[in-house]
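For the sequence shown, position 302 matches number 330 in my numbering, and the numbering has no gaps at all. In what follows, a structure is listed as C-alpha cells, so that the remarks can point back to it.
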Amino acid sequence: MQPTLDHPPPSLDHLPQSLVEDETLAAAGALRVAWARSNMPLLAGLRAEFERERPLAGRRIGMCLHVESKTGVLVEVLRAGGAEVVWTGSPATTDDGVAAALAGAAGIRVYARRRDSLADHHEHVERVLASGPDLLLDNGADLIAGCLRREDSRVTAATEETTSGANRLREELAGAVPFPVVVINDSPLKLLFENQHGIGPAVVDGFLRATNSLIAATTFAVVGYGSCGRSLARTLRALNAAVLVVERDPVRALEAAFEGMRVRDLAGALREAHVVITVTGRPGIVRREQLLGLRDGAMLANVGHFGTEIDVPALEALAVRRTEVSPHVTEYQLESGRTVRLLARGEMLNLSAASGHQIQIMDLGFALQAHSLRELARTPQGFVPGLQPVPAAIDRQLATEMLGTLPTVELGT
Ligand SMILES: NC(=O)c1ccc[n+]([C@@H]2O[C@H](COP(=O)([O-])OP(=O)(O)OC[C@H]3O[C@@H](n4cnc5c(N)ncnc54)[C@H](O)[C@@H]3O)[C@@H](O)[C@H]2O)c1
29 MQPTLDHPPP SLDHLPQSLV EDETLAAAGA LRVAWARSNM PLLAGLRAEF ERERPLAGRR
89 IGMCLHVESK TGVLVEVLRA GGAEVVWTGS PATTDDGVAA ALAGAAGIRV YARRRDSLAD
149 HHEHVERVLA SGPDLLLDNG ADLIAGCLRR EDSRVTAATE ETTSGANRLR EELAGAVPFP
209 VVVINDSPLK LLFENQHGIG PAVVDGFLRA TNSLIAATTF AVVGYGSCGR SLARTLRALN
269 AAVLVVERDP VRALEAAFEG MRVRDLAGAL REAHVVITVT GRPGIVRREQ LLGLRDGAML
329 ANVGHFGTEI DVPALEALAV RRTEVSPHVT EYQLESGRTV RLLARGEMLN LSAASGHQIQ
389 IMDLGFALQA HSLRELARTP QGFVPGLQPV PAAIDRQLAT EMLGTLPTVE LGT
C-alpha cells in the first residue's frame with residue numbers, strides 16, 4: 029500500500045521523541061555535519077532537486093545506518109524530499125554530537141548512543157519498526173529481517189547498504205522478501221570506490237588514532253581478501269608494512285599472491301602477525317583456539333560489519349587481567365602470560381576509532397542511496413520483489429557527475 033492522504037503514516041505518539049546521549053553536544057555535532065555537507069557536492073545537487081520535486085512527500089523512512097556526520101547530510105536530503113526519518117545506527121559507531129544535532133530537527137527521530145549494547149541496538153531497531161515506516165534504508169539487514177517478523181508492516185521497498193546485509197538477505201532470507209530491495213553494495217560505484225578506495229585509508233586512520241603505533245616494518249595479517257580486505261592490504265603495503273593475507277577462496281588467495289601479498293593459513297598468520305585485522309563479513313573467525321595462537325603482544329581488530337568476527341566473550345573468558353589502556357585499546361593478559369590488545373572492542377575500527385570513509389566517497393555512496401529511494405518511491409513498477417542492483421542509469425549518471433567534481437580531472441567541453 030503506497031501512503032496517500034487517505035493512508036498517512038501512523039501516529040508516533042507511542043514512541044519517545046528521540047533517545048540520544050547528551051543534547052548539549054548538538055552544537056558541536058551540527059558543525060561536523062556542516063563540514064561534511066560542504067564537501068558533498070553530489071548530495072548538494074540532489075538536495076536542490078529534492079526540494080523542488082518533493083519525491084518522498086508523505087513517506088516515512090525507517091533507517092539503520094551509522095549515526096555520523098556524512099549520514100546526517102543524507103538524512104537532510106531525504107527530509108528535503110519530504111520524508112520523515114526514524115533513525116538508528118550500529119553499536120559503537122554513533123557520533124553522539126551528530127545524534128543530538130539531528131534529533132532536534134523537525135521530522136527526524138534518532139534512537140542511538142555510542143555506548144549502546146547489542147541489546148540496546150535491537151531495542152532501537154524495534155522502535156524504528158514500531159514507527160510504521162513504508163520505506164527502509166538498511167545496513168546489515170536488521171530492519172528488513174525485523175519487518176518480516178511483524179504483522180503490521182507497511183514496508184513497500186528498501187535499500188541495503190553493505191555486503192553483510194546482502195549476504196544475510198541472500199542466505200538467510202532468500203525468497204522471503206516480498207518487496208523490492210535495492211542492494212547499494214552491488215553497485216560497481218560502491219564496490220570500486222567505497223570498498224576498494226575508501227576502506228584502506230579509513231582503517232589506517234582508525235589504527236593510528238587508536239594506537240599511535242608504527243605501520244612500516246610491522247607485520248599485519250588481513251583476514252578476508254574481498255573488496256574491503258584488498259583495499260586494506262594494499263594500503264598497508266603502500267605504507268611499508270609486511271602484509272600477510274588469509275583467504276579461504278582459492279581464487280582470491282591466488283589473486284593476493286599475484287599482488288605480492290604473503291598468503292598464509294589462519295594459524296600461520298596468527299603466529300607471525302603483530303596486528304591481525306578481520307574483514308570477512310562472517311562471524312567467529314577468531315575464536316578461543318585462535319586467540320590462544322596469537323603471538324605475545326598482538327593487536328587484534330575488526331573491520332567487518334558485525335562485531336562478531338572476533339569472539340570477544342571468549343577473550344574475556346580467557347583473560348586473567350583486563351586493562352582499559354585507552355578509549356580504543358583493551359589489553360588482556362592470558363593465563364599463559366601472553367597479552368592480547370583488542371582495538372575498538374572488536375567493532376568496526378574505522379568507524380569506532382576514526383571517522384569512517386572519506387567524505388567525498390560517502391557523497392557518492394549516499395547519492396546512490398538517495399537516487400535509489402527516489403526511484404523506489406516514484407516508479408515502484410520499475411522494480412521487482414526481492415534483491416536487485418542499483419539501476420545502471422543511476423551509476424552512469426553519478427559517475428559522470430563525480431568526474432565533474434574532481435579537481436584532478438579535465439575533460440573536453
Ligand atoms: N567498516 C566499514 O566501513 C565497512 C565498509 C564496507 C563494508 N564493510 C564490511 O566488511 C566486510 C567485508 O566486505 P567485502 O565487501 O570485502 O566482502 P566480500 O564478501 O567481498 O569479502 C570477504 C572475503 O572474506 C573471505 N572469507 C570469509 N570467511 C573466511 C574465513 N573463515 N577465512 C578466510 N577468509 C574468509 C571470503 O572468501 C571473501 O573473499 C563485510 O562485513 C562488509 O559489510 C565494512
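The C-beta atom is built at its ideal place from N, Cα and C for all residues, glycine as well. The structure displayed is predicted, hence computed values, not measured ones.
Identity of the residue in 79, 253, 116, 331 nearest residue 107 by Cα: Nearest neighbour of residue 107 by Cα position, chosen from 79, 253, 116, 331, turns out to be 79.
N-terminal and C-terminal residue of the beta strand (DSSP E) that residue 137 is part of: 136-138
Assigned exposure category for residue 412 - 16 Cβ within 10 Å defines buried: Flag for residue 412 reads exposed.
Beta bridge counterpart(s) of residue 90 as assigned by DSSP: 114, 164
As assigned by DSSP and simplified to three states, the class of residue 365: Of the three classes helix, strand and coil, the one that applies to residue 365 here is coil, per DSSP.
For residue 303, the first and last residue of its enclosing beta strand (DSSP E): 303-306
Coarse secondary structure for residue 127, derived from DSSP in three states: helix
Beta-carbon proximity of residue 251 to residue 306, cut-off 7 Å: yes
Alpha-carbon spacing of residue 90 relative to residue 241, whole angstroms: 40 Å
heavy atom of ligand 2 below 6 Å from residue 333 C-beta: Of the ligands this structure carries, namely ligand 1, none is ligand 2.
Where residue 85 falls, given that 16 or more other Cβ within 10 Å makes a residue buried: When all chains shown are included, residue 85 counts as exposed.
3-residue-minimum beta strand (DSSP E) runs that sit fully inside the segment 263-326, ordered along the chain: 270-274, 303-306
With 16 other Cβ atoms within 10 Å as the buried cut-off, status of residue 119: buried
Straight-line gap, residue 266 to residue 245 (C-alpha atoms, nearest Å): 12 Å
Pairwise C-alpha distance: residue 260 and residue 195: Cα-Cα distance, rounded: 21 Å.
Residue 233 CB to nearest heavy atom of ligand 1 below 6 Å: no
Cβ-based burial, residue 66 [other Cβ within 10 Å; buried from 16]: Flag for residue 66 reads exposed.
Per-residue burial, residue 175 [other beta carbons within 10 Å of its own, 16 or more giving buried]: buried
Ligand 1 heavy atom lying under 6 Å from the CB of residue 254: yes
Residue 167 Cβ short of 6 Å to ligand 1 heavy atom set: False, no ligand heavy atom lies under 6 Å from that Cβ.
Paired residues, beta bridge with residue 247 - DSSP: 270
Contact under 7 Å by Cβ, residue 363 with residue 340: When the beta-carbon positions are compared, residue 363 and residue 340 stay at least 7 Å from each other.
Distance cut-off 6 Å: residue 366 Cβ against heavy atoms of ligand 1: Checking the Cβ of residue 366 against ligand 1 gives no.
Alpha carbon of residue 221 to alpha carbon of residue 389, nearest angstrom: Rounded to the nearest angstrom, the gap between the Cα atoms of residue 221 and residue 389 is 7 Å.
Secondary structure of residue 33, DSSP reduced to three states: Caution applies to residue 33, whose pLDDT of 48 falls short of 50 and renders its modelled position unreliable; the model cannot decide the point.
4 or more residues per run - each alpha helix (DSSP H) lying fully within the segment 62-88: 69-81
Any non-hydrogen atom of ligand 1 closer than 6 Å to residue 91 Cβ: no
Every unbroken alpha helix (DSSP H) within the segment 351-438, with a cutoff of 4 residues, ordered by chain: List check, alpha helix (DSSP H) in window: 377-380, 387-406, 420-433.
Range covered by the alpha helix (DSSP H) that runs through residue 184: That residue, residue 184, is in no alpha helix (DSSP H); it is neither H nor E in DSSP.
Proximity to residue 150 [Cα-Cα], best of 173, 72, 162: 173
Which of helix, strand or coil DSSP assigns to residue 229: The DSSP-derived three-state label of residue 229 is helix.
Cα-Cα separation between residue 18 and residue 430, rounded to whole angstroms: Any answer about residue 18 is impossible in this case: the structure gives the chain only from 29 up to 441.
Contacts around residue 351, its chain only, beta-carbon distance under 6 Å, and the 5 residues preceding and following it disregarded: Only 359 meet the Cβ criterion.
Proximal residues to residue 387 (C-beta, below 7 Å), its chain only, five neighbours per side dropped: 64, 67, 68, 98
Counterpart residues of residue 47 in DSSP-defined beta bridges: 139
Terminal residues of the beta strand (DSSP E) in which residue 206 lies: Neither: residue 206 is in no beta strand (DSSP E) and is coded neither H nor E.
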